[in-house]
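Everything in the sequence shown is counted per the numbering used here, starting at 5 for the first residue and increasing by one.
Even glycine gets a Cβ: it sits at the ideal position worked out from N, Cα and C.
These figures come from a predicted structure and were not determined experimentally.
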Amino acid sequence: MARRTRTVQTPPQGPEAQLVAKLQRIEALYARAGSDGERVAAGRARERIEARLAELATEEPPVEFRFSLSDQWSRHLFVALMRRYGIQPYRYSRQRRTTVMARLSRSFVNDTLWPEFLELQASLAAYFDALTDRVIEQALEVKAGEAEERGEETGEEPSGETSGTGAKQARLEPVEHQPSLL
């Protein structure tokens, strides 16, 4: 008598593997698959999006879109996502590196490409934030994060305490500083 063995799928090991798995699940959701089983199949996701893109190209004429993406991570992700679906991103000479151009149908951009990009970008940003904090805390041995928030008008510390001398600390006017980038 043969016994059936259940295959238990183990979660990916390490934060990078978990991020890759999450990005693949997001891509599968945007492929508009018919069943849950198909949503899991990331290989089919790309084919479905490409088919949808081809279908929309016949129904709706493509127009030229200009996307402005200020940080390199978002730009790299967006260009990679476009290339994944057979879209050729470009920019004209004298356009900034932050500009990405493409000829696409409006509904594909609004219904599929841009929402998928935003979701992927949010996942990557959360990962990069956590990674940055972890590296800073390990290297500098202090807690990373945002600066404390103080009252704007009074300049008081959050607890309303005074300095060690008993007098309130004088509020200094902020000085604008922009580091030069070479």
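The DSSP-derived three-state label of E145 is coil. Of A151, E123, R107, V179, the smallest CA-CA separation from P66 is found for R107. The closest CA to that of D115, considering only Y131, D137, L60, is found on L60.
Taking C-beta separations shorter than 6 Å and ignoring five residues to either side along the sequence, G155 has no partners in its chain. By the Cβ neighbour-count rule, F132 is exposed, with fewer than 16 other Cβ atoms within 10 Å of its own.
Residue burial is scored here from C-beta neighbours: L135 has fewer than 16 other C-beta atoms within 10 angstroms and is therefore classed as exposed.
Distance from the CA of S72 to the CA of L85, rounded to the nearest whole angstrom, comes to 15 Å. Rounded to the nearest whole angstrom, the C-alpha separation of R101 and L122 is 20 Å.
C-alpha of S109 to C-alpha of L57: approximately 8 Å in a straight line.
When DSSP reads this structure, M105 sits in a beta bridge with R70, Y94.
With a contact defined as Cβ atoms closer than 8 Å, E54 and Y89 qualify at about 6 Å.
DSSP places Y131 in the helix class (H, G or I) of the three-state scheme.
Just measuring C-alpha positions, the residue of E64, Q125, R175 sitting nearest V83 is Q125.
With 16 or more other Cβ atoms from the protein chains shown falling within 10 Å of its own Cβ, R52 counts as buried. Residue burial annotation: S111 is exposed, with fewer than 16 other C-beta atoms found within 10 angstroms of its C-beta.
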